[in-house]
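A short write-up of the structure that comes next.
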Amino acid sequence: VKDTKEKRDEMHGTVRLTVSSVLGRKLVVPALAEFATRYPDIVVDCVLTDSHSDVIDERIDIGIRFGFLPDNRYVARELAKVNFYSVGTPELIDKVGMPKKIIDLDKYPLTALFDHKTGRYWPWTFTESRS
């Protein structure tokens with residue numbers, strides 16, 4: 139315990155963090171006050187942006203993002219599983235019907251996440267079937 143306290147007392151400096159705006163507002167920014175209390179000698183420079191940052195040029199220490207890692211030069215750790223859902227309004231279902239199989243979704247209008255760096259939409263991955 140003493141060794142841990144001494145190490146905590148030694149930690150100081152600036153940590154530059156980039157995080158997507160939704161994650162930043164919902165999770166990171168609310169946690170910064172507690173972090174600052176526990177580690178008063180560490181300054182967190184937090185940049186909320188939905189653009190992928192150039193971690194080298196922008197001197198980013200930590201980046202938190204949704205999805206896959208576009209560059210294999212970085213070290214990534216999964217922090218949490220995020221579930222996305224396929225949903226439709228009652229009006230759409232009344233108009234075009236309820237899909238019976240996943241392949242039926244090809245016939246429906248959709249909103250998808252687009253990766254501007256790769257020029258591709260995020261892939262859809264279904265892990266289980268639900269009604």
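To get the working numbering, take the position in the sequence shown, counting from 1, and add 138.
No residue lacks a Cβ here, since even glycine has one placed at the ideal position from N, Cα and C.
Limits of the unbroken alpha helix (DSSP H) element including residue i
i: R176; result: 167–176
i: L230; result: 228–234
Start and end residues, beta strand (DSSP E) containing residue i
i: V157; result: 151–157
Other residues of its chain near residue i: CB distance less than 8 Å, five sequence neighbours each side excluded
i: G151; result: D179, I180, V181
i: V153; result: I180, V181, V182, D183, D199, I200
i: K233; result: none
Which residues DSSP lists as bridging residue i, in chain order
i: R258; result: D253
i: D183; result: R154
Cβ shell of residue i (< 6 Å), same chain only, five flanking positions each side left out
i: I240; result: F264
Residues of its chain near residue i, where Cβ-Cβ distance is below 7 Å and the 5 sequence neighbours each way are ignored
i: F204; result: S158, V220
i: S269; result: Unreliable positioning characterises S269 in this predicted model, as indicated by a pLDDT of 47, which lies under 50. The coordinate reading is nonetheless provided below. So the list is empty, once near-sequence residues are dropped.
Next on the checklist: My parser needs the beta strand (DSSP E) runs of 3 or more residues fully inside the region 185–224; what are they?
Outcome noted: 200–202
Item to check | Validate contact between the region 243–251 and the region 224–231 using beta carbons, cut 8 Å, 3 pairs | outcome: yes
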